[in-house]
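Worksheet for the structure shown next.
2 protein chains.
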Amino acid sequence: MREEITADFLKVLGHPSRIKILTSLENGYKCVRDLESVVGITQSNLSQHLRILKDKGILEHERRGTEICYRIRDRNALDIIRFAEKLFTERG
Amino acid sequence: MREEITADFLKVLGHPSRIKILTSLENGYKCVRDLESVVGITQSNLSQHLRILKDKGILEHERRGTEICYRIRDRNALDIIRFAEKLFTERG
DNA sequence: TTAGTTTATTATAATATTATAATAAACTAA
DNA sequence: TTAGTTTATTATAATATTATAATAAACTAA
Chain A
1 MREEITADFL KVLGHPSRIK ILTSLENGYK CVRDLESVVG ITQSNLSQHL RILKDKGILE
61 HERRGTEICY RIRDRNALDI IRFAEKLFTE RG
Chain F
101 MREEITADFL KVLGHPSRIK ILTSLENGYK CVRDLESVVG ITQSNLSQHL RILKDKGILE
161 HERRGTEICY RIRDRNALDI IRFAEKLFTE RG
């Protein structure tokens, strides 16, 4: 049971686009249109990844004028990614 | 590119059976037959998960008499899991 | 209102992952 | 050798994930 929850969380982090989303939100809010160019996927696909991250409580969003902006809600998610990245630079 | 590698690694950890395998190997070697009862999946399925973990360099194995025993090769994998687990106990 | 902009949703095809069943492979021990 | 034990592999069906295309929804600003 505990393994299911942990696995589910790691699985959500285990996608390159979602990792790009999280690392590009490291320093605060970004609207969807900006994320689109940073992450380099279609608006539709991006929106789906954002929802996956939001549903897991990793992101939150708010409207700012004409745009909707996302930011990191659970900083730990980013920490896991950073930690995993560190292992690879150490490994080679 | 870097994201792909990190994502690939996290994806491998994002499965309950593979998490069970890793946590049950925390203190050293275990042969496949023992893992089978701990993890609670069929021998065939277990063997496939072991191969996935071995191919990623997370596990290694050696023959001990009639059995084949696995142990953790990349301790960092377990650290990631422990870290993720910790987040949930903190969260609630 | 209406046109335009931004984001979300839905349906779906393509692909990847997983578990099962059957069998093969690699041994050991008699 | 041969029988028995342990583990790996293969084929495949079931399921999950992903990206695309089309469209809807939610706004803003004129």
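The listed protein sequences derive, respectively, from chains A and F.
In terms of this note's numbering, the first sequence is numbered consecutively and its last residue is 92.
In terms of this note's numbering, the second sequence is numbered consecutively and its last residue is 192.
By construction, the Cβ of each residue, glycine as well, lies at the ideal position given by its N, Cα and C atoms.
Bear in mind the structure is a predicted one, so any value in this text is a computation, not a measurement.
- Contact annotation for F/Glu-185 against chain A: Arg-2 and Thr-6 [CB-CB distance below 8 angstroms, chain order].
- The shortest C-alpha to C-alpha distance from A/Glu-85 to any of A/Phe-9, A/Gly-57, A/Leu-13 and A/Ala-7 is the one to A/Leu-13.
- Residue environment for A/Phe-88: exposed (fewer than 16 other C-beta atoms within 10 angstroms of its C-beta).
- Taking a C-beta distance under 8 angstroms as the contact criterion, F/Leu-146 and F/Glu-136 qualify as a contact pair.
- DSSP places F/Leu-159 within a strand segment (E or B) once states are collapsed to three.
- With a threshold of 16 other beta carbon atoms within 10 Å, F/Ser-117 meets it and is buried.
- DSSP places F/Glu-103 inside the alpha helix (DSSP H), whose first and last residues are 102-113.
- By the criterion of a C-beta distance shorter than 6 angstroms, F/Ile-119 is surrounded in its chain by Ile-181, once the five residues flanking it on both sides are discounted.
- For the C-beta of A/Leu-59, not a single chain F residue is nearer than 7 angstroms; the gap to the nearest is close to 15 angstroms.
- Against A/Ile-52, chain F offers no close residue; the least beta-carbon distance is about 13 angstroms (beta-carbon pairs closer than 7 angstroms).
- Residues of chain A with a Cβ closer than 8 angstroms to the Cβ of F/Lys-111 are, in chain order, Leu-10, Lys-11, Gly-14 and His-15.
- In the structure shown, A/Glu-26 adopts coil according to DSSP, grouped into three states.
- For the set F/Ala-177, F/Arg-151, F/Lys-111 and F/Leu-125, the Cα lying nearest the Cα of A/Ala-7 is the one of F/Lys-111.
- Distance check between F/Ile-152 and each of F/Phe-183, F/Glu-104, F/Leu-122 and F/Met-101 places F/Leu-122 closest, using alpha-carbon atoms only.
- DSSP, read as helix, strand or coil, puts A/Arg-33 in helix.
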